[in-house]
Amino acid sequence: MPFEFDTDTGNPVTIKVIGIGGGGNNAINRMINADVTSVEFVAVNTDKQALFSSKATQKIQIGEKLTKGQGAGANPEKGQRAAEESREEIASALKGADMVFITAGMGGGTGTGGAPVVAEIAKDMGLLTVGIVTKPFKFEGRKRMEQAEAGIANLKERVDSLVVIPNENLKYVSETPITLLNAFDVADDVLKQGVSSISDLINIPGHVNLDFADITTIMRDAGLAHMGVGHAKGENMARAAADMAIKSPLIESSINGAKGVIISIIASPDVNLEEVETASSMIADAAHPDANIIWGVAFDNDMEDEIKITVIATGFASVTTSTDFTRAANSAFGAQNKSANAEPAAPSVPEPEPPRSTFSSPFVTDLSSSRSSASQPTESRHRGLIDDSDTSSLFGSNKETTIDDIDDVLTFFKKKNK
35 MPFEFDTDTG NPVTIKVIGI GGGGNNAINR MINADVTSVE FVAVNTDKQA LFSSKATQKI
95 QIGEKLTKGQ GAGANPEKGQ RAAEESREEI ASALKGADMV FITAGMGGGT GTGGAPVVAE
155 IAKDMGLLTV GIVTKPFKFE GRKRMEQAEA GIANLKERVD SLVVIPNENL KYVSETPITL
215 LNAFDVADDV LKQGVSSISD LINIPGHVNL DFADITTIMR DAGLAHMGVG HAKGENMARA
275 AADMAIKSPL IESSINGAKG VIISIIASPD VNLEEVETAS SMIADAAHPD ANIIWGVAFD
335 NDMEDEIKIT VIATGFASVT TSTDFTRAAN SAFGAQNKSA NAEPAAPSVP EPEPPRSTFS
395 SPFVTDLSSS RSSASQPTES RHRGLIDDSD TSSLFGSNKE TTIDDIDDVL TFFKKKNK
């Protein structure tokens, strides 16, 4: 019997990105503006008017009966109840997906309370579920940080993998003060690169191939995750790209001690074996000695003397603190001048004990004195994953406003009111 080669590559993997709340909606708008076309986008919000500005092909207004389309008023409990009210609509939007990214700015109402509900629905449907969320800046206050920490702890129990971006670390990605607008772009870029890289891993044929089963092996029920991308050219490019990928200054997790690692290398055809070995060894040395390491290599004819390395790491015994990542940022980006004056990141609030059986709110007690449920602004004043409508309104649309400017102004008012 003659051998026949089966050219059927199987069903394509469908990835959906769910942006929930103002920060999440802004993040997917930026991905759409960046021409990320390999995934499907769904915008979820309690604020009806905010959804009008979304560029997602699918939009879901949650909690219509509860909020009357007027937002969650920075109240996570209301955000959670709104998502619970709209479970059927959310589940319908998730149908057909194999993998779901859930993104939100934590600390407000809709994203903080609603993201865990969306994750629970996705997991119940058997979808590989990954969360990518931000923590507030220190200057946004203790209340918002406590809400964010509670929401992150709640979300962590309901996703397969979770990537946390502390906004405070955005100060350390440049030697010069970063503008507020650029900060939003940098935070969103973590989501864009993570989603695009995983899509490329699955869909671009490689010389040493990776597939969705590999992604699932590393990310299923894995807890906190690290996703880093390094891109370099010229001399020592492999070492530079690998260092950048494993020392991402924005992610609140480190590859150190990871027990599951995916290494994807996309390079120009002239890359030599020694460079690939150098990059892979650097990454493997940083992980746990017994880590399950899956790697793939693809060649891009459009590249010339360059390399792109994506690292996805999970299975951490402990989490590296934000202060540690400040050091990593200064090392990776050469920001010696900034490091001398950098304030340490705010200490983390201990995570509350997560619910064990039913989906109960962690916010009922904590939010007894929360802000009123007045409408959130109907038009975002920024384009980022950061959900900071409270602070951005102080500064209008000045594109040169820096994070340090905001910090200084809010510190001044706090001292004046004492």
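Numbering (this note's numbering), first residue to last: 35 to 452.
All C-beta atoms, glycine included, are put in the ideal place defined by N, C-alpha and C.
Remember, it's a predicted structure, so these values are computed and weren't measured experimentally.
**OP:** Tell me whether residue 49 counts as near the ligand FMN, meaning its Cβ is closer than 8 Å to at least one heavy atom of that ligand.
**Re:** By its list of ligands, the structure shown contains no ligand whatsoever, and the ligand FMN lies outside what it can speak to.
Subject >> Rounded separation between residue 107 and residue 66 - CA only >> reply: 27 Å
Subject >> Start and end residues, beta strand (DSSP E) containing residue 298 >> reply: 294-301
Subject >> residue 204 versus residue 281: straight-line alpha-carbon distance, rounded >> reply: 14 Å
Original post:
Are three or more beta carbon pairs between the stretch 257-276 and the stretch 340-351 nearer than 8 Å?
Top reply: yes
**OP:** Answer with buried or exposed for residue 71, where buried requires no fewer than 16 other C-beta atoms within 10 angstroms of its C-beta.
**Re:** exposed
Original post:
Helix or strand or just coil, what does DSSP make of residue 367?
Top reply: Residue confidence is low: residue 367 scores 37 on pLDDT, short of 50, so the model does not pin down where it sits. Its coordinate-derived value is still stated next. It is helical.
Original post:
Using DSSP with H/G/I as helix, E/B as strand and the rest coil, what is residue 146?
Top reply: helix
Original post:
From the beta carbon of residue 257, is the nearest beta carbon of chain B less than 9 Å away?
Top reply: The chain inventory of the structure shown lacks chain B, comprising one protein chain alone.
Original post:
If you check the beta carbons only, do residue 73 and residue 93 fall under 9 Å apart?
Top reply: no
**OP:** Check whether the stretch 162-174 touches the stretch 111-123, counting contact only when three or more Cβ pairs, one atom from each stretch, lie closer than 8 Å.
**Re:** no
Subject >> Cutoff 7 Å; reference residue 250; Cβ partners in own chain excluding five residues on either side >> reply: 162
Original post:
Do you know how far the Cα of residue 319 is from the Cα of residue 310?
Top reply: 14 Å
Subject >> Helix, strand or coil at residue 48 [DSSP, three-state] >> reply: coil
**OP:** Return the first residue and the last residue of the alpha helix (DSSP H) that residue 59 is part of.
**Re:** 55-67
Original post:
For residue 102, is the classification buried or exposed, using 16 other Cβ atoms within 10 angstroms of its Cβ as the cut-off for buried?
Top reply: exposed
Subject >> Helix, strand or coil at residue 130 [DSSP, three-state] >> reply: coil
**OP:** Give me the Cα-Cα distance between residue 62 and residue 89, rounded to the nearest whole angstrom.
**Re:** 8 Å
**OP:** To the nearest angstrom, report how far apart residue 324 and residue 213 are at their CA atoms.
**Re:** 42 Å
Original post:
For residue 91, which of helix, strand or coil comes out of DSSP?
Top reply: coil
**OP:** Out of 219, 265 and 120, state which residue places its alpha-carbon closest to the alpha-carbon of residue 96.
**Re:** 120
Subject >> Residues that residue 200 bridges to, as DSSP identifies them >> reply: 169
Original post:
When burial is assigned at 16 or more other CB atoms within 10 Å of the CB, is residue 344 buried or exposed?
Top reply: buried
Original post:
So what does DSSP say about residue 161, is it helix, strand or coil?
Top reply: coil
Original post:
What does a CB cutoff of less than 7 Å around residue 254 pick up in its chain, not counting 5 residues either side in sequence?
Top reply: 162 and 194
Subject >> Range covered by the alpha helix (DSSP H) that runs through residue 237 >> reply: 214-237
**OP:** Keeping to the same chain, check which residues put their C-beta closer than 6 Å to that of residue 133; ignore five residues upstream and five downstream.
**Re:** 49 and 162
Original post:
Span of the beta strand (DSSP E) holding residue 77?
Top reply: 74-79
Subject >> Start and end residues, alpha helix (DSSP H) containing residue 279 >> reply: 271-280
Original post:
When you compare only the Cα positions, how much space is there between residue 292 and residue 244?
Top reply: 19 Å
Original post:
Is residue 120 helix, strand or coil by DSSP?
Top reply: coil
Original post:
Buried or exposed: which applies to residue 86, given that a residue is buried once 16 or more other Cβ atoms fall within 10 Å of its Cβ?
Top reply: exposed
Subject >> residue 312, enclosing alpha helix (DSSP H) - first and last residue >> reply: 307-320
Original post:
Can you name, in chain order, every residue of its own chain whose Cβ lies under 7 Å from the Cβ of residue 362, other than the five neighbours on each side?
Top reply: Annotation note: pLDDT 41 at residue 362 (below 50); position unreliable, coordinate value reported separately. Cβ within range, chain order: 281 and 283.
Original post:
Considering only C-alpha positions, which residue in the set 334, 149, 238 and 294 is nearest to residue 328?
Top reply: 294
Subject >> residue 154 (DSSP reduced to helix, strand or coil) >> reply: helix
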